[in-house]
Each structure stands twice: as C-alpha cells, then as structure tokens.
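Report on one structure; see the data block that follows.
Residue numbers (this note's numbering), protein chains in the order written: chain F, 1 to 281; chain B, 1001 to 1356.
This is how it looks when you write it as structure tokens:
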C-alpha cells in the first residue's frame, strides 16, 4: 500500500485569513451596514424596508436625478467609444513596436491625481482661462463663455479619464483579430469600409461591450468631476448622496442611493460575465 | 502561344534596407498551376502579396488577364485566395463564409444560395451551410476556405501554404484533391510553399526562389532531375555534390575526373571546356553500390538505415568532409564499416551551372 501523494501547496490556506478579515471588516460590513441603514434610520423607521427606494423612484426630483445620472453615463460612454475606438484601432493596426509607448500615453491621465487633473481643465476652460485667452487674442471671440461650470466641461473631464478604459478594453480584443481575416475579406471584394463593418467591427464587439460597461459603471459613481466642473448645473446620484450625507444629514437615504448605484454596478458585472461565458463556450 | 493569365514585369520590393525581391519577370499561362518554392525569407510570400495587392511593388507591373492591376486594391482584382490558417470568418456560418465574396459582388440572395450549394458539393461538404466554423475539422475548414475563394469565379487562385496546417496523411490526400479541382475548373493558380514534395506533386511548373530571386523555373521533373545550382539540388531533396575537372569530350558527354582521380562520363546542358573545374550533383537514388574499385569512387559505409520503402546508406569517402547518401530498394548488401564502390549512369550526374 502506498500513501496518497500529498497535494503540493505554496502556502497553507490559513494564510488567507488576514486578507479575508480585512475585506470583511472594511468592505463587506460597511455594505451590509448600508443595507441595514436604509431600513432603520431617519424617516424609514417603521415604514418597511423599501421606504427610501420608493421615495427615490417616485419623487420626481429624485427620479430625475437618477435619470440624469444614467443620461450622463450614456453620453459619456458613447463619447468615450467614439474617441476610444479609433485610438485602439490605430494602436492595434499601425503602432507596431510603438504600442507600449502609446499605451503609456493613453493611461498617463490616470497617473495624475483626479483633483489636479480636474483643476487643470478649469484652468483651460474658465472665463478668463487659457483657451478663451487664446481665442480672444486671435480675435475669434469677444464675449468669452465660462465653460468651466458647464455640462460640457463635465463631459470633457469624464471622457479624459474614461477613454483609457475604453481603449484598453477594445485594444485587447482588436489585437486578437487576425489580420488575415481582413485580408480575406479584401480579396473577396470588400472595400476598406465593408471590411471594417463586416469583419473587424463584429469581431471586436466583445471589447466594445466590455469597455462600454466599464465606462458606464465608472461614470455612474464618479463624483469629483461632476462637483468641480459641473458648477451645480448638473446633479447626479453621487452629488445627491454627498448632499444627503453632508447637508441634509439623511444618512439612510444616502445609503439607499448608494445601494442603487451598487446594484447598477452589479448588473454591469453580471452582463460582462454573461458575455464572457458566451464568448468561451 | 497561350495568353498569360498573370504576368509580372520587373517586379521588385524592399522593406527598409532589406531587398525582399530583386527585379523579377514571371508569366503564368491560363490554366497553369505555378508553385513558388523556397525557404522562408526567399521572397515567395512577398511575390504572392504583390499579386494579391497587399503590397505595392517598388518597380514593375502586375497584369492579370491582360489588364494592368498594379495600382488596384485587392478588392478590385477578382482574385481567390486560400490562407495557411484558412482564415474563415469565425462569426459567420459555413454558408455565410462561402457566400461572402458573392455578396460583395452584389449577387442576389437566391443565386447566392444555389451557388453556395454548388461550391459545397464540389468540395464534398454538401449540406453544411448552417454549421459554425468551430464545428469543422482542419481538413473541412481547408475545403471551405477553397470553396469560399472559388465561389465568386476568380480569374486567379492564390494559395498561400494552403496545406501547411494539416497533418501529413490529410495533406497528401488534399494535394491530389486540390489539384483535381484546380484542373477541372481550369483556373490559373499560384501556390506558395516551402514543401518541395507539395510543389512537385501539385504544380505544372515550379519556380525555385532564394534570397529574393527565382533561381530556377521549370517542370517538376526538370527542376528535380536537372537542378542548375547547388541550392536547387539540395533544396529539392538530397544531393551528393562532387567537385571534378573536365578532361575532354567522350561521345555525347564529357569525361570528367573526380577529385581523387577516378573518372566518369557526364552529360551537360551547358558548354564545358577541357580543364574547367565543375560541380556535379547526383541524387542518392541514382547511386549504385558495388564492390570496391568498381565505380567512380570508393567509400566506407558509416551507417545503414531501413526506411520502409528504401534503405538509406550514409557513407564517408577519404578527403571529403561531407557524407555521401545512397538510397536503394535492394536488401542491404553492405554493413557499417565495409568499403564499397559507388557508380552511376552517365545521365545521372548533373553538371551544376555555378563555379566551384
């Protein structure tokens, strides 16, 4: 009789305990706390578990904010896609050994502090900012607009941060599309545009969807860009949570909104996993 | 003389400082299958990509069916192409793949359906229209790729290492099948391959390429039996190379002395002069083994290997660094360590057209 060979392990399982404890205390417990808080704080006491959620969805002001959030996220996602796809396509097809350099250039904005980056846009877009000064100097305008406190500025700031996520998602898939498939289409009589629409784009759709979900979810929760560039003219869920928490002190309501945002993120994650499973049967 | 379906005139191409292709002229008559054969980096793929329109030649012109297409993009050249990895569209069914070229040419849905059926019948894969590409075996994918390339009725079929990804048995079967389909359709074809057996089996003519130039162009038997350079002799199978000196005329042939003073008679396609030093190539299956002293030279048997169809001898001769090889169907008559004599028929030794 021979003893069963002992399974090789790099480290015993007990080593994961500190990490699990850390995640449980600082991540899982606060989230569970948020769920409880929507039920037993403020106005919700004695009103049943769905009170704040019903208020959020039925009160026209709050549901309007939710719709605005989804609208901003949708526009930011589409804008990032329009900017990001050509960049990813260029990198996958023409950058060659410069790909690494371009990846660095693309992710460089993420290496800057979000506050610095956002104030940078204010410097450029403000009424007496750099852009307007140049335009005035060239005589292209006489009454400079203040773009720094405008939804336009929010979108510019968002796209600036989000394009890297879009580019990297699409690039990863585009690099896996065999160029000979495109060449096959060309030989079979398809022009450049037909080849792109019937071969390249369908085959890179996984990357497009991944990028869109990622960007959409990130925009839903982004806060500083809206706060610093929106000038109060655009109110999204994250700003509303901030107000509820700091101004109104309605922590239960703030928690409910946070949970709705988390649900949206989970739906995105679920879609992404579904897509992944479909791609690898 | 038949009109050439493809004519390359003075085609050359360089990538950066690398000259991939030196000025090249090549014409392929209608219905012929021409193989471009050579090791990787010899320029065969560059030539094919220039014909397809993926690369622009630095100089020269490409004429297909009498029309200068040098400046036309690939989609305007009416070509069919089969790639090494088949390159079928993974997001389309078999039927959609085969119909793709027809669709691009604006052929209606009804005609497409019937044409796809005809093509699938031709490659003996009838009824697989709705299959996904990943449900097919390698051999089936290869046939679908051929059906897709031929469906729009191209003027020229380009085959880029079409059988390279198949295993050996399947490859041999497909060589004959592909050849048969090509002959039945009478479609002019260019086959790019590094596999000499594939080129000899399938092509009407073989262009052997090396370092950006065609070094020999001829029928399979011509390039195999009468190679003009050492490179061609050694790339198309195994060759025993001897250095020798011409002694004088002997009837139709020439009497030459091998280094080591044994002499023999050879025929030559090029004029020779007495005293000239030459290179001789003899195929291993053309060498005969006899008793010592009976042939042009003596050699010692180093090893004998049974290879199924033949016995392969590896021999060493004095003053000769490279081993000699003999393939024979006869039962092993000599064992390792024996000294034997080697001889050959006068027509079996080929005088190479290059200086020693």
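C-beta: ideal position from N, C-alpha, C; glycine also.
Could you check what DSSP says for residue 150/F in three-state terms: helix, strand or coil? Here residue 150/F refers to the residue found at position 150 when the first chain is read from its first residue. In the structure shown, residue 150/F sits in coil (DSSP, three-state: anything other than H, G, I, E or B).
CA-CA distance, residue 1/F and residue 20/F? For the purposes of this step, residue 1/F is identified with residue 1 of the first chain, where counting begins at 1. For the purposes of this step, residue 20/F is identified with residue 20 of the first chain, where counting begins at 1. Caution applies to residue 1/F, whose pLDDT of 48 falls short of 50 and renders its modelled position unreliable; the model cannot decide the point.
List, in order along the chain, the chain F residues whose C-beta lies closer than 7 Å to that of residue 1399/B? For residue 1399/B there is no data in the structure shown, the boundaries of chain B being 1001 and 1356.
Which of the residues in the stretch 1104–1120 of chain B, read from start to end, lie with their CB under 7 Å from any CB of chain F? 1104 and 1105
So, with DSSP's three-state summary, where would you put residue 1302/B? As a working note, residue 1302/B is residue 302 in the second chain. DSSP places residue 1302/B in strand when its eight states are reduced to three.
Is there at least one Cβ from chain F nearer than 8 Å to residue 1075/B's Cβ? One-based indexing of the second chain puts residue 1075/B at position 75. Yes, its Cβ sits closer than 8 Å to a Cβ of chain F.
Buried or exposed (CB count within 10 angstroms, at least 16 for buried), residue 149/F: Residue mapping note: residue 149/F aligns to position 149 of the first chain, counting from 1. Label assigned to residue 149/F: buried.
Quick check: the stretch 1237–1257 of chain B against the stretch 1275–1290 of chain B, are there 3 or more CB pairs under 8 Å? yes
With a 10 Å radius around its C-beta and 16 neighbouring C-beta atoms as the bar for buried, classify residue 12/F as buried or exposed. Numbered from its first residue, the first chain carries residue 12/F at position 12. Residue 12/F comes out exposed.
Check whether the Cβ atoms of residue 106/F and residue 167/F lie closer than 8 Å to each other. As a first step, residue 106/F is located in the first chain; it is residue number 106 there, counting from the start. As a first step, residue 167/F is located in the first chain; it is residue number 167 there, counting from the start. At the C-beta level, residue 106/F and residue 167/F come within 8 Å of one another.
Bridge partners for residue 1242/B per DSSP, in chain order? Counting from one through the second chain, the residue named residue 1242/B turns up at place 242. According to DSSP, which records beta bridges pairwise, residue 1242/B is partnered with 1280/B.
Please state the DSSP three-state secondary structure of residue 1131/B. As a first step, residue 1131/B is located in the second chain; it is residue number 131 there, counting from the start. Here residue 1131/B sits in coil by DSSP.
Quick check: residue 92/F and residue 171/F, are their CB atoms within less than 8 Å of each other? Counting from 1 along the first chain, the entry for residue 92/F is found at position 92. Counting from 1 along the first chain, the entry for residue 171/F is found at position 171. A contact, by the Cβ cut-off of 8 Å.
For the beta strand (DSSP E) holding residue 1025/B, just list the boundary residues, first then last. By one-based count along the second chain, residue 1025/B stands at place 25. Counting along the chain, the beta strand (DSSP E) containing residue 1025/B begins and ends at 1018–1029.
Name the chain F residues that come within less than 7 Å of residue 1357/B, Cβ to Cβ? An answer regarding residue 1357/B cannot be provided, because it is not within the stretch 1001 to 1356 covered by chain B.
Look up residue 155/F in the DSSP assignment and say whether it is helix, strand or coil. Here residue 155/F is taken as the residue at index 155 of the first chain, counted from 1. Three-state result, residue 155/F: helix.
With a CB to CB cut of under 6 Å and the five nearest residues on each side skipped, what residues in its chain are close to residue 163/F? Counted from its first residue, the first chain places residue 163/F at position 163. These residues qualify, in order along the chain: 80, 83 and 84.
Nearest-angstrom beta carbon gap, residue 1083/B and residue 1160/B [assumed within contact, 8 Å]: Taking the second chain and counting its residues from 1, one reaches residue 1160/B at position 160. Taking the second chain and counting its residues from 1, one reaches residue 1083/B at position 83. Distance from residue 1160/B to residue 1083/B at the Cβ level is roughly 5 Å; contact confirmed, criterion being Cβ atoms closer than 8 Å.
Cβ-Cβ distance between residue 1170/B and residue 1139/B below 8 Å: Taking the second chain and counting its residues from 1, the one referred to as residue 1170/B is at position 170. Taking the second chain and counting its residues from 1, the one referred to as residue 1139/B is at position 139. Contact: yes.
DSSP bridge partner residues for residue 1068/B (one or two, in chain order): By one-based count along the second chain, residue 1068/B stands at place 68. Paired residue(s): 1063/B.
State yes or no: is the beta carbon of residue 1005/B nearer than 8 Å to at least one beta carbon in chain F? What you label residue 1005/B is simply residue 5 of the second chain in a count that begins at 1. Output row for residue 1005/B: interface = no.
Starting from residue 190/F, find everything on chain B with Cβ-Cβ shorter than 7 Å and list it in chain order. Looking up residue 190/F in the first chain gives position 190. Those are 1075 and 1104, listed as they occur along chain B.
Own chain partners of residue 1231/B with C-beta closer than 7 Å, once the 5 adjacent residues on each side are dropped: As a working mapping, residue 1231/B is identified with position 231 in the second chain. Only 1210 and 1215 meet the Cβ criterion.
Find the nearest neighbour of residue 1310/B within the set 1300/B, 1330/B, 1316/B and 1177/B, judged by alpha-carbon distance. By one-based count along the second chain, residue 1310/B stands at place 310. Out of 1300/B, 1330/B, 1316/B and 1177/B, 1330/B has the C-alpha closest to the C-alpha of residue 1310/B.
Taking only beta-carbon atoms, is residue 184/F less than 8 Å away from chain B? In the first chain, residue 184/F corresponds to position 184, counting from 1. Answer yes: the Cβ-Cβ gap between residue 184/F and chain B drops below 8 Å somewhere.
Chain-order list of residues whose beta-carbon lies under 8 Å from that of residue 1003/B (same chain, five-residue window excluded): For the purposes of this step, residue 1003/B is identified with residue 3 of the second chain, where counting begins at 1. 1029, 1030 and 1066.
Helix, strand or coil at residue 1324/B [DSSP, three-state]: As a position in the second chain, residue 1324/B is number 324, starting the count at 1. The answer is strand: DSSP assigns residue 1324/B an E or B state.
Coil, strand or helix - residue 1192/B by DSSP: Sequence index remark: in the second chain, residue 1192/B carries index 192 (1-based). Strand.
Is residue 1001/B close to chain F? Criterion is C-beta to C-beta, closer than 8 Å. In the second chain, counting from the first residue as 1, residue 1001/B sits at position 1. The pLDDT assigned to residue 1001/B is 41, lower than 50, so where the model puts this residue is not dependable; a value taken from the coordinates is nonetheless given after this. No, because no Cβ of chain F sits closer than 8 Å to the Cβ of residue 1001/B.
Does the distance from the CB of residue 1173/B to the CB of residue 1130/B come in under 8 Å? Locating residue 1173/B in the second chain gives position 173, where the first residue counts as 1. Locating residue 1130/B in the second chain gives position 130, where the first residue counts as 1. The answer is no: Cβ separation not under 8 Å.
Would a check of beta-carbon distances place residue 199/F closer than 8 Å to chain B? In the first chain, counting from the first residue as 1, residue 199/F sits at position 199. Output row for residue 199/F: interface = yes.
Check the Cβ of residue 180/F against every Cβ in chain B and list those closer than 7 Å, keeping chain order. For the purposes of this step, residue 180/F is taken as residue 180 along the first chain, with counting starting at 1. Among the residues of chain B, those whose CB is under 7 Å from the CB of residue 180/F are 1083, 1085 and 1087, following chain order.
Can you check whether the C-beta of residue 203/F is within less than 8 Å of a C-beta belonging to chain B? What you label residue 203/F is simply residue 203 of the first chain in a count that begins at 1. By this cut-off, residue 203/F is an interface position.
Could you check if residue 1145/B is buried or exposed, using at least 16 other CB atoms within 10 Å of its CB as the buried criterion? Taking the second chain and counting its residues from 1, one reaches residue 1145/B at position 145. Buried.
Which residues bound the alpha helix (DSSP H) around residue 224/F? As a working mapping, residue 224/F is identified with position 224 in the first chain. Residue 224/F -> alpha helix (DSSP H) spans 224–229.
Residue 176/F: buried (16+ other C-beta within 10 angstroms of its C-beta) or exposed? Residue numbering aside, residue 176/F sits at position 176 when the first chain is read from its first letter. By the neighbour-count rule (16 or more Cβ atoms within 10 Å), residue 176/F is not buried but exposed.
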